[in-house]
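Residue numbers (the numbering used here), protein chains in the order written: chain X, 1097 to 1334; chain V, 641 to 902.
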Amino acid sequence: MTSNSSAIALEAKAVSHRFGSQDVLDSINLKLRQGELTALIGPNGAGKSTLLHVLQGLLKPSQGDVFVGDTPVTSCRHRIALMPQRGRIDWSFPITALDMVRLRKPKTAGGCFEVSAEEALERVGLRERAKERLGRLSGGQQQRVLLAGAIAQNAATMLLDEPCSALDPPSRERVIALLQSLAQEGRSICLTSHDWGPALMGYDRVIVLDRQILFDGSPQDVGEQLKDLMSAAKRGPN
Amino acid sequence: MEALPWWGLPLIFALLEGALCSCVGTVLLTQRRILQANLIANGVLPGLAIAVALQLDPAIGGWVSGLAAALVSERLIRSHQHQQEAVQNTVLAGALAIGVLLLALLQQRVELEALLFGDLLIAGGRDLLQTLIAAAAALALIGTQYQRLVFSGVDPEGAEAAGVPIHQLRTLLAVVTTLVIVSAISAVGIILVIALLCAPAVVGLNQASSLSGAMVRASAIGSSCSLGGFGLALLLDLPPGPVIGLLCLLLLWLPKPDQSMN
């Protein structure tokens, strides 16, 4: 677990973003800390994935900026791993699980957390399926291959877009335990999730987003506030 | 060349084109760029018409206008991001229309049937040279950009996040695709070349566990199709291009092994 005194891994300052005439993110100020496992939750269309893309530097925000220390994120994107949603991957592509993880491995050593592609697969419990074609793995196994790729990137900050979306409850618990151990090693991890209620207790910090940050705190603190948001979500996406 | 029998050069040409089109087709399929290849194939017509009118090498005219059509479509896609296929199809039809109008306006006589469907039997040393140049360009692209092609094929968002220059890669691929299509005009024509780009690649990708493995398998299948089509055409006294196209179609009926547990 973490404290507010932990070093800042990534900071978004007054970030806003628009797609055409639609505001997707509005004045986001956010600090991700080392050793912290953060869940980013909110209704569909809340801007969760967009925020991850902005934090990684993949998407330039309409206003504001993102920094790693004093450096703009666009100058050090290699220090931030981004695990995409499973819908973004071509699962029919001819590639093995091991080669998929190797794609994300930096060409040169020297990252903060040196992990080989084989070790990354070991950590997600797929070492024995390393030579299997990606398309032959189950949905949950494919999801863990993506996670192994993010681990192998040796980045200090990991941004994970719905890493538990295709997992059954036991697999989800194993992945959350793995993410907790990765955070305890000093990584800053921020993931988007559709978790609600008790499932949020596995995280150090929960941020509720709906174009702007509605709540930000410990799972316990945010829990009460979530009830109101759930009522809003039942009325339909914004 | 002199020592070869009359069918020797067309046979070598058919084998090379079968392998080259199928290999590049595998890359195009995994990069989701097949529609762009079709666009390029139709986009060569205006350049051919102008080159014939100016008494230049038609291959050069075709290469320039095919590539121009691809670049125009890429530019338009950026401003119509959610209508990519509609933009590509419109540019395809537009390029074809310009080609037909140019032929009429410049009052040029072009063997349209040979252009559309190819004529292997009249292939010469010049066609073989064009094929070798296209093959060298394809090998150079695949050899130097293999990892990037794999990354952008399986995970385009991740590749972009890792700094892979996606737009440059697509432009390079368009350059090579245009060379390959222009080189194949004599063999199968601008219409039937799509079959040779697609069908062997579809079969080659079945159960392959790497892009390179899929390319090798597709090339072998493509060469076999070209060879078989050429042989059958001679045997039955039919035009080789359409017979090769028909064999490509039949490939899709081959039993497909179960690929996924999902």
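For glycine and all other residues, C-beta sits at the position ideal for the given N, C-alpha and C.
Asked, Found
"Residue 1256 of chain X to residue 729 of chain V span [Cα, whole Å]", "36 Å"
"Residue 1334 of chain X, DSSP secondary structure in three states", "Only weak support is given to the placement of residue 1334 of chain X: the predicted model assigns it a pLDDT of 49, under 50, and the question is left unresolved by the model."
"Cβ-Cβ distance between residue 812 of chain V and residue 671 of chain V below 8 Å", "no"
"Partners in chain X for residue 851 of chain V, counting only beta-carbon separations shorter than 9 Å", "1189, 1190, 1191"
"Distance CB(residue 760 of chain V)-CB(residue 683 of chain V) smaller than 8 Å", "no"
"Assumed close pair residue 1173 of chain X, residue 1252 of chain X - CB separation to whole angstroms, cut-off 8 Å", "Actually they do not touch by this definition, with Cβ atoms about 12 Å apart."
"Inter-residue Cα distance where the pair is residue 1299 of chain X and residue 836 of chain V", "53 Å"
"Supposed contact pair residue 1243 of chain X and residue 1265 of chain X - C-beta distance, whole angstroms, cut 8 Å", "No, residue 1265 of chain X and residue 1243 of chain X are not in contact; Cβ-Cβ is about 17 Å, not under 8 Å."
"Length of the line joining the Cα atoms of residue 1177 of chain X and residue 720 of chain V", "29 Å"
"Inter-residue Cα distance where the pair is residue 782 of chain V and residue 792 of chain V", "13 Å"
"Of the listed residues X:1136, X:1327, X:1193, nearest to residue 1302 of chain X (C-alpha basis)", "X:1136"
"Supposed close pair residue 1111 of chain X, residue 1159 of chain X - CB separation, criterion 8 Å", "7 Å"
"Candidates X:1194, X:1221, X:1222, of which the one nearest residue 1213 of chain X by Cα", "X:1194"
"Near-chain X residues of the segment 843-876 of chain V (beta-carbon distance less than 7 Å), N- to C-terminal order", "845, 848, 849, 850, 851, 853, 854"
"Whole-angstrom distance between residue 1239 of chain X and residue 1099 of chain X, CA atom to CA atom", "Residue confidence for residue 1099 of chain X is low, a pLDDT of 47 falling below 50, so the modelled location carries little weight and cannot support an answer."
"Exposure label - residue 718 of chain V; buried when at least 16 CB within 10 Å", "exposed"
"Interface flag, residue 791 of chain V vs chain X, CB-CB below 8 Å", "yes"
"Per-residue burial, residue 1164 of chain X [other beta carbons within 10 Å of its own, 16 or more giving buried]", "buried"
"Between the CA atoms of residue 796 of chain V and residue 699 of chain V - distance to the nearest angstrom", "33 Å"
"Status (buried if at least 16 other CB within 10 Å, exposed otherwise) for residue 825 of chain V", "buried"
"Inter-residue CB distance, residue 868 of chain V and residue 887 of chain V (contact presumed, cutoff 8 Å)", "6 Å"
"Opening and closing residue of the beta strand (DSSP E) in which residue 1254 of chain X lies", "1253-1256"
"Among V:896, V:845, V:894, V:864, the one whose alpha carbon lies nearest that of residue 883 of chain V", "V:864"
"Proximal chain V residues relative to residue 1157 of chain X, where beta-carbon distance stays under 7 Å", "Near residue 1157 of chain X there are no residues of chain V at all, since even the closest Cβ is about 15 Å away, more than 7 Å."
"Sequence-distant residues of its chain with Cβ nearer than 8 Å to residue 712 of chain V (five each side left out)", "731"
"Three-state class that DSSP yields for residue 1107 of chain X in the structure shown", "strand"
"Neighbour-count burial assignment, residue 1152 of chain X, 16 or more Cβ in a 10 Å radius", "buried"
"Between the CA atoms of residue 794 of chain V and residue 1233 of chain X - distance to the nearest angstrom", "15 Å"
"Same chain only: Cβ atoms within 8 Å of residue 1114 of chain X, ignoring 5 sequence neighbours per side", "1120, 1158"
"Cβ distance (whole Å) where residue 1200 of chain X is taken to contact residue 1262 of chain X below 8 Å", "Contact flag wrong, Cβ pair sits at about 19 Å."
"Inter-residue CB distance, residue 866 of chain V and residue 663 of chain V (contact presumed, cutoff 8 Å)", "13 Å between Cβ atoms; not a contact."
"Residue span of the alpha helix (DSSP H) that contains residue 827 of chain V, given as start and end", "806-845"
"8 Å contact criterion, which residue 1304 of chain X and residue 1138 of chain X should meet: CB distance rounded", "6 Å"
"Spatially closest choice to residue 1167 of chain X from X:1317, X:1109, X:1268, X:1236, by CA coordinates", "X:1109"
"DSSP beta-bridge partners of residue 866 of chain V", "Per DSSP, none; premise fails for residue 866 of chain V."
"Chain-ordered neighbours of residue 797 of chain V on chain X, where CB pairs are closer than 8 Å", "1154, 1178, 1180, 1184"
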